[in-house]
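Only one structure is covered here, and it is reproduced in the block below.
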RNA sequence: GGCCCUAUCGUCUAAUGGUUAGGACAUCAGGUUUUCAACCUGGCAAUCGGGGUUCGACUCCCCGUGGGGUCACCA
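Put into structure tokens, the structure is as follows:
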């Protein structure tokens with residue numbers, strides 16, 4: 429049992445690609461098979477080494493490690509050439525001399541007749557002699573597959589069941605620009621066979637390619653692999669996921685502080701579910717429970733709200749030291765401020781790691797800048813607020829153990845003497861944070877320390 | 001336009017002829033809390049339409065309709 433992920437290095441690894449890779453990976457691992465990676469870089473213009481690296485890198489970050497070394501189509505030219513020559517010799521492929529203009533016109537005419545713009549194969553029966561003559565005359569040509577006429581190509585899609593496409597809807601497609609420049613549908617078939625791929629799991633957009641590849645495989649005498657076509661991932665507008673609504677690049681989600689485990693879990697549930705109510709899944713558990721029959725057929729909207737929720741679950745579940753490490757790139761950091769305490773105070777409030785920068789910024793500021801009226805709790809008078817803050821100030825000044833637990837205890841005790849807990853806690857917390865929403869006063873005091881806390885409370889009192 | 005795929009709450013989905021159509025996210029209400037989160041409880045919310053088949057259709061069949069994909073000398 430062997431699967432593969434075959435991206436072309438013409439852009440960053442995107443969400444859809446990740447899901448394809450993941451499902452291939454899960455299916456292979458579930459069945460004790462192998463998961464291969466193949467870089468489809470036959471398009472020399474668009475393929476870039478940097479994208480290849482980007483794809484490798486992100487796949488690894490997400491834990492999708494492939495078996496063997498990654499194959500690169502650009503290094504397999506000899507193999508393709510051999511098969512191409514074989515087809516030409518056997519007459520299952522032929523040279524086509526149609527010009528671009530001719531093809532464009534043909535397509536246009538066919539469309540006018542409300543027919544599918546399938547190439548009609550003008551040169552398919554030219555014959556060897558005439559072909560050679562044209563080549564010698566220097567006419568430009570490409571290599572086309574001689575599509576068998578009047579035949580149904582049928583395959584059993586593992587997700588969709590039987591799919592039948594007539595060869596008249598396929599036509600004589602181009603398989604290579606020349607002997608040294610093979611094209612996708614051809615290289616794909618050759619490689620899947622040569623690499624021993626048994627199951628091809630890929631996006632729905634490849635359904636129309638499948639009959640082409642089967643036909644090619646048949647002519648080449650290959651065993652035909654199993655196919656499974658995944659539905660597309662959609663944007664909020666129900667259209668194919670695009671950059672319009674946020675990023676489609678996996679790396680961007682990583683940069684924003686979505687944890688790899690959460691991304692994997694979320695993506696796995698886009699079009700698949702175990703049929704139980706369990707939703708939080710580690711990679712190992714996914715491998716354990718994965719089954720191709722449970723993949724859904726219809727397109728799934730990429731719902732960022734659910735990803736946020738799931739990421740929050742993972743953030744709250746990982747060890748605090750590990751989380752602190754992960755948060756480091758997003759933390760302002762400062763001498764005297766314990767990163768771990770900051771993370772601990774905010775981990776319940778985080779949907780993604782990058783959010784921590786903004787919501788904790790007040791902890792690092794020298795001078796707080798906020799509307800003084802914010803200090804006033806409900807219908808308290810300015811004097812009452814001042815008194816309350818003075819009591820808090822005194823408490824902080826006298827406290828020795830500034831662990832948040834101890835401070836919280838003392839604060840609560842003091843608050844009981846106040847008309848209401850809020851009348852004591854709210855002004856204090858605002859004086860320390862300058863915000864209407866923040867961590868609790870005890871946590872803040874522990875983080876910024878006694879001296880700074882006293883300074884902030886004093887400033888609040890003086891401002892009133 | 002041809003061909004192909006597809007259709008359950010706003011979203012992800014469960015229920016493969018018999019359920020008050022279930023869960024999760026989001027949302028709303030309540031609880032807890034100094035605040036915001038987190039957490040707990042509860043509410044709202046769906047079988048695209050029309051025909052069949054059947055004692056009985058979300059489920060099977062047909063016809064519509066909607067959505068999507070594809071028709072490159074890209075992959």
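Residue numbers (this note's numbering): 429 to 892. Even glycine gets a Cβ: it sits at the ideal position worked out from N, Cα and C.
query = What is the rounded straight-line gap between the Cα of residue 603 and the Cα of residue 509?
reply = Their backbone Cα atoms lie some 11 Å apart in a straight line.
query = Can we say the stretch 468-480 touches the stretch 606-615, given the rule of at least three CB pairs closer than 8 Å?
reply = Segments in contact, yes.
request  = Note down the Cα distance separating residue 591 from residue 600, rounded to an integer number of angstroms.
outcome  = Each residue's alpha carbon lies about 20 Å from the other.
task = Would you grab the beta carbon distance between residue 581 and residue 653 for me? Rounded to a whole angstrom, and I think it's under 8 Å.
result = Taking C-beta atoms under 8 Å as the contact rule, residue 581 and residue 653 fail to qualify, at a distance of about 14 Å.
query = Out of curiosity, what's the CA-to-CA distance linking residue 754 and residue 731?
reply = Cα to Cα, the separation comes out at about 24 Å.
ask   = Tell me the DSSP bridge mates of residue 591?
value = 583, per the DSSP bridge assignment.
Per-residue burial, residue 822 [other beta carbons within 10 Å of its own, 16 or more giving buried] = Burial check for residue 822: the Cβ neighbour count within 10 Å stays below 16, so the residue is exposed.
key: Neighbourhood of residue 933 by C-beta, 8 Å cutoff - its chain only, sequence neighbours within 5 removed   = The structure shown does not extend to residue 933, since the chain spans only 429 to 892, so no value can be given for it.
ask   = Is DSSP giving residue 728 helix, strand or coil here?
value = Correct three-state label for residue 728: strand.
request  = Would you kindly report the start and end of the unbroken beta strand (DSSP E) that includes residue 619?
outcome  = Where residue 619 is concerned, there is no enclosing beta strand (DSSP E), although the alpha helix (DSSP H) around it starts and stops at 612-622.
query = Beta-carbon separation of residue 692 and residue 450 under 8 Å?
reply = Contact annotation: residue 692 and residue 450 have beta-carbon atoms nearer than 8 Å.
6 Å CB neighbourhood of residue 919 in its chain, flanking five on each side removed = The requested residue 919 does not occur in the structure, where the chain is confined to residues 429 to 892.
Supposed contact pair residue 817 and residue 889 - C-beta distance, whole angstroms, cut 8 Å = That pair is a contact at about 5 Å.
ask   = Between residue 808 and the rest of its own chain, which residues show a CB-CB distance below 7 Å, the 5 nearest in sequence each way excluded?
value = Closer than 7 Å at Cβ, skipping near neighbours: 851.
request  = Go through its chain and collect everything with a Cβ distance to residue 632's Cβ below 7 Å, but skip five positions before and after it.
outcome  = Around residue 632, the same chain offers 657, 658, 659, 660 as residues with beta carbons nearer than 7 Å, after the five sequence neighbours per side are excluded.
request  = Could you tell me whether the stretch 782-797 touches the stretch 759-769, where touching means 3 or more Cβ pairs closer than 8 Å?
outcome  = In short, these stretches touch, since the Cβ pair count reaches three.
key: Neighbourhood of residue 576 by C-beta, 8 Å cutoff - its chain only, sequence neighbours within 5 removed   = Excluding residues within five positions, the ones whose Cβ falls inside 8 Å are 595, 643.
key: Between the CA atoms of residue 723 and residue 698 - distance to the nearest angstrom   = Going by the C-alpha atoms only, they are around 9 Å apart.
ask   = Which one of 520, 436, 584, 884 has the shortest CA to CA distance from residue 484?
value = Residue 436 is the option with its Cα nearest to residue 484.
ask   = DSSP on residue 805, reduced to helix/strand/coil?
value = Three-state DSSP puts residue 805 in coil, outside helix and strand.
key: Supposed contact pair residue 780 and residue 709 - C-beta distance, whole angstroms, cut 8 Å   = Not a contact, Cβ separation roughly 19 Å.
ask   = Excluding five sequence neighbours on each side, which residues of the same chain lie with their C-beta closer than 7 Å to the C-beta of residue 701?
value = If we look at residue 701 and ignore the five residues flanking it on each side, its Cβ neighbours are 722.
task = Out of 767, 664, 749, 512, state which residue places its alpha-carbon closest to the alpha-carbon of residue 728.
result = Considering only alpha carbons, the answer is 664.
ask   = What do you reckon, are the CB atoms on residue 458 and residue 694 nearer than 8 Å?
value = No, the pair does not count as a contact, with Cβ atoms beyond the cut-off.
Secondary structure, alpha helix (DSSP H): runs of 4+ residues fully inside the stretch 671-717 = Qualifying alpha helix (DSSP H) stretches, in chain order: 678-683, 688-696, 711-717.
query = DSSP on residue 551, reduced to helix/strand/coil?
reply = For residue 551, the secondary structure class from DSSP, reduced to helix, strand or coil, is coil.
task = Use the C-beta contact count for residue 763: other C-beta atoms within 10 angstroms, 16 or more gives buried, fewer gives exposed.
result = When all chains shown are included, residue 763 counts as exposed.
task = Determine the DSSP secondary structure at residue 770, reduced to helix, strand or coil.
result = Residue 770: helix per DSSP, three-state reduction.
query = Under 8 Å, do residue 749 and residue 734 count as touching if we go by C-beta distance?
reply = In this structure, residue 749 lies away from residue 734, with their beta-carbon atoms at least 8 Å apart.
message = Does the stretch 514-528 come into contact with the stretch 480-496, if we say contact requires no fewer than three beta-carbon pairs (one atom in each stretch) closer than 8 Å?
response = The answer is no - the stretch 480-496 does not touch the stretch 514-528, with fewer than three Cβ pairs under 8 Å.
Cβ neighbour criterion (16 or more within 10 Å) applied to residue 879 = By the neighbour-count rule (16 or more Cβ atoms within 10 Å), residue 879 is not buried but exposed.
message = Checking 8 Å against the spacing of the C-beta atoms, do residue 624 and residue 447 come in under that value?
response = No, these two residues do not count as a Cβ contact at 8 Å.
query = Hey, residue 492 and residue 453: beta-carbon distance below 8 Å or not?
reply = Contact flag set, yes.
ask   = Buried or exposed: which applies to residue 752, given that a residue is buried once 16 or more other Cβ atoms fall within 10 Å of its Cβ?
value = So residue 752 ends up on the buried side.
request  = Counting only the same chain and skipping the five closest in sequence on each side, list residues whose C-beta sits under 6 Å from that of residue 520.
outcome  = Only residues of its own chain outside the window of five on either side were considered, and among them 574, 647 have a CB closer than 6 Å to the CB of residue 520, listed in chain order.
request  = Please confirm whether residue 504 and residue 597 have their CB atoms less than 8 Å apart.
outcome  = Cβ atoms of residue 504 and residue 597: not closer than 8 Å.
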